[in-house]
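So the sequence lines, in the order shown, correspond to chains A and B. Taking this note's numbering, I'd label the letters of the first sequence as residues 43 to 373. Taking this note's numbering, I'd label the letters of the second sequence as residues 12 to 402. Note that beta-carbon positions come from the ideal geometry of N, C-alpha and C, so glycine has one too. For clarity, every value in this text was computed on a predicted model and none was experimentally measured. For reference, the structure discussed in these notes is given below.
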Amino acid sequence: MPARPNPPTPVPRHAQRSPCARSRLGIPRDEQSFHYHGNATMTMTRPGTPDVHVTAVAPPPELRFRRPFDLHRFLRELWRARGLMRTLTERDLRARYKQAMLGVAWAFIGPVGFAVVFSVFFNHVAKVPTGNVPYILFSYTGLIPWGFFAGGVVSGATAVMNNMVLLNKVPCPREVFPISAIVTALVDAAISALVLPIMFLVTGRAPQWASLWFPIVFIVHLAITLGWALLLAGVLMYVRDVRHGLPLLMQLLLFATPVGYALSSVPSSWVNIYCFLNPIAPVIDNYRRTILYGFAPDWPHLGLAAAHGLAVLLGGYALFKRIEPGFADVA
Amino acid sequence: MLPDGSLHVDRVWKRFRDDRHRALLRDEIARLRARRKGDPSVGWRWALRDISFDVAPGESIALIGMNGSGKSTLLKVLVGVMFPYAGRVETAGRVGALIEVRAGIHPELTARENIFMYGTLLGLKRPAISARFDDIVSFAGVEEAVDRQVKFYSSGMSMRLGFAVAAFLEPDLLIVDEVLAVGDAEFQKRCLDRMRDVLAVGTTLVYVSHDLPTVQAMCQRAIWIDHGEQRRTGSTAEVLGAYRRSIEEHTDHEQVRLGPVRVLAVRPAGRDGQPLTAGGPMQVEIDIAADVTRTFDLVLGVTEATSTPIFLIQTSVEASSEIRTLCCNITQLPVGAGNYSLWLGAFGADHTVVLPWQSFGHLAVGGPELTPTPTGVVRLSPVYVPATWEK
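Quick look at the structure:
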């Protein structure tokens, strides 16, 4: 009986090449195969192909991929993704209002509810001095900017993570997700601001001419919101705890911010440092000064808020772009 | 500046955390401690090691390799959703990608929104997308459902949409990952046709598939990636040959699976012991025995390394504990020159397996080469081979 050319002799367990077998040097399995062929009947070995090359354990340091911080290029890429931002914003808005029975009404319900609670609590219990402005109007002009800030930061910070599905598939600058979340929050704020004319009518007051300062205050407001959203969105991808801590922090911050009371309640020796640390305070104060009271902006305090906004926007964007290449890896 | 549609991959390395979905403080501390001791690779594993290749505009290249070899990671790096750890990737022109079947397709959006979103990502203006809109919709066959959210689509529909969007928005570089595995036969044909069309207008194609015949049909060159390393790069025929041989070797080292029927020897040969040639005769002698006297169907197949045979020959055999020799005669071996495997299996009544289907050696076939397939034509071979048995 002649021997089988390719005998079915069971290969001993230790001689079977595991698909993962690989030397510490990273030499491909085949290179090592001769070690395992103690069995003389194993006539079939790999064909002598010269396709194996030895690879080092790690790349030489000069090959290391580093993306330079090229602001011009980043902004150009962002501009190219504007269509995506538009689509994302439309999608968020549609998802939010289409599948809810009360629809757009949800944009008012929150701030109006807070304004009513604040009226009872701050106005009747704590007696907030508001000059000649009715308290409901006073608190509502604080609640809208606060809502934009808090909503924008929370949804902006979670936006990259919430869009994980897209992250691994669509090549785009990742800041499109926080930015479109902030645009969505802005639309919410604009809808809730529609109550404001009604409040003016009911209370028999009119916005002051100084309301024309609004864009200046708003730019500071936007810079702070966007800056924090970008900063936290980047950090959140690696430290997921931020996601749980952030809403809580925002609730606490609401009471540390003059939303239901006035900035003048803060002791004057603390007010400068306070305005820098909590820049939403002077922002809200300046909305009120201009729209309700007809004064020019309070430049020193607004300036502190602007400094904070500029710092956090630049710092947040730089950090975001620095760690952005790794987002898809942890998604 | 590279011309549009070219791809330049220069010594790309990529690593991942050992457990990407776990971020615990104690892991981080362990990692930092190891780094301070000078071992930066603790807690990381390499997904790609030193991958380099170039693709010229209009070329078609395939990436092949086992599951988990790093093909999809490489594609993600090419598309630009992932960044390499080291090395450089340069692409020129618009990149259309179909990764994980529904690449740019977002389930929350409608088909219409998806088409526009993906188009804007590819750098097309809205009017340009509108011009192609109807083509995309009709190719995907989703005319009635354009304004439905994609999450309510059947998986086939969303996949068709994904392919249509990627293939019709005229990318300079089209990256396709395993599309054909999921579609029905008709859609597979349309995909292949479309890929052939885009190749004809000079689009570069990077194609990933486990379906080797389609790889052979679509691509001029191939890269075999094995455990994150570039094992072989060259013409499709050459790389596929090497890849198949490696699979073959792998099967060789598998434990022999036993059954009540045992094959003791298999001797394939050409006429009068000559080497095998394409189209020439083949004679296979099989020494066979069984535990008790039993009757079963013996099936002999010739495969290209995988377990899927090119053709099968079957006969009814009665065997006992006494070893007997069977001889199968094939007048014309219907395969081209190359390396093949001979597989055997035996099956009793009621589909009981008396000898598991497994490889019993190699066939080196000389003689004329196989007729080359035109681009986009997939060879499938339900071959009938007449054979006579001497028992």
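- For the options A:294, A:293, A:345 and A:274, the alpha carbon positioned closest to that of residue 285 (chain A) is the one of A:274.
- For the 8 Å CB-CB criterion, residue 22 (chain B) and residue 105 (chain A) form a contact.
- Chain B has no Cβ within less than 8 Å of the Cβ of residue 172 (chain A).
- Between the stretch 217 to 237 of chain B and the stretch 327 to 347 of chain B, the count of C-beta pairs closer than 8 Å stays below three; the two stretches do not touch.
- Using a Cβ-Cβ cut-off of 8 Å, residue 370 (chain A) counts as an interface residue toward chain B, since at least one Cβ of chain B sits closer than that to its own.
- A straight line joining the alpha-carbon of residue 280 (chain A) with that of residue 209 (chain A) spans about 15 Å.
- Under the 10 Å beta carbon count, residue 401 (chain B) is surrounded by fewer than 16 other beta carbons and is classified as exposed.
- About 5 Å separates the CB atoms of residue 147 (chain B) and residue 175 (chain B); that is less than 8 Å, so the two are in contact.
- For residue 211 (chain A), the closest C-alpha among the options B:92, B:369, B:394 and B:290 is that of B:92.
- In this chain, the alpha helix (DSSP H) harbouring residue 199 (chain B) covers 196 to 211.
- Of B:185, B:387 and B:243, the smallest CA-CA separation from residue 200 (chain B) is found for B:387.
- Of B:315, B:379, B:352 and B:331, the smallest CA-CA separation from residue 391 (chain B) is found for B:315.
- Distance check between residue 226 (chain A) and each of A:267, A:322, A:291 and A:350 places A:267 closest, using alpha-carbon atoms only.
- Contact of residue 91 (chain B) with chain A by beta-carbon distance below 7 Å involves 213.
- For residue 361 (chain A), no CB of chain B lies under 8 Å from its own CB, so it is not counted at the interface with that chain.
- Residue pairing by DSSP puts residue 329 (chain B) in a beta bridge opposite B:306.
- Apart from the 5 residues on each side of it in sequence, residue 220 (chain A) sits with its Cβ closer than 6 Å to the Cβ of 198, 201, 271, 272 and 275 in its chain, given in chain order.
- Residue 106 (chain B) places its beta carbon 8 Å or farther from that of residue 210 (chain B).
- When C-beta atoms of the stretch 246 to 254 of chain A are compared with those of the stretch 302 to 315 of chain A, fewer than three pairs fall below 8 Å, so the two segments do not count as touching.
- Collapsing the DSSP output to three states places residue 340 (chain B) in a strand.
- Between the C-alpha atoms of residue 297 (chain A) and residue 282 (chain A) there is a straight-line separation of about 25 Å.
- In terms of Cα proximity to residue 231 (chain B), the closest of B:245, B:16 and B:168 is B:245.
- Within the stretch 120 to 132 of chain A, those residues whose Cβ lies closer than 9 Å to any Cβ of chain B are, in chain order, 122, 123, 124, 125, 126, 128, 129, 130 and 132.
- Counting other Cβ atoms within 10 Å of its Cβ, residue 150 (chain B) reaches 16 or more and is therefore classed as buried.
- At a cut-off of 8 Å between C-beta atoms, residue 218 (chain B) does not count as an interface residue with respect to chain A.
- Buried is the label assigned to residue 127 (chain A), since at least 16 other Cβ atoms lie within 10 Å of its Cβ.
- Within 8 Å of the CB of residue 277 (chain A), no CB atom of chain B is found; the nearest one sits about 12 Å away.
- Taking the Cβ atoms as the reference, residue 180 (chain B) lies roughly 5 Å from residue 130 (chain B), within the contact range of under 8 Å.
- In the structure shown, residue 288 (chain B) adopts extended strand secondary structure according to DSSP, grouped into three states.
- Distance from the CA atom of residue 335 (chain A) to the CA atom of residue 25 (chain B), rounded to whole angstroms, is 59 Å.
- Under the DSSP assignment, residue 119 (chain A) falls in the alpha helix (DSSP H) whose first and last residues are 113 to 122.
- Of the candidates A:337, A:136, A:147 and A:119, A:337 places its Cα closest to the Cα of residue 254 (chain A).
- The way I'd put it, the stretch 346 to 362 of chain B does touch the stretch 301 to 320 of chain B; three or more beta-carbon pairs between them come closer than 8 Å.
- Excluding sequence positions up to five before and after residue 143 (chain B), its CB lies within less than 7 Å of the CB of 179 and 180, all in the same chain and listed in chain order.
- Annotated as distal: residue 135 (chain B) and residue 153 (chain B), with beta-carbon spacing of 8 Å or more.
- Nearest C-alpha to residue 343 (chain A) among A:327, A:356 and A:333: A:327.
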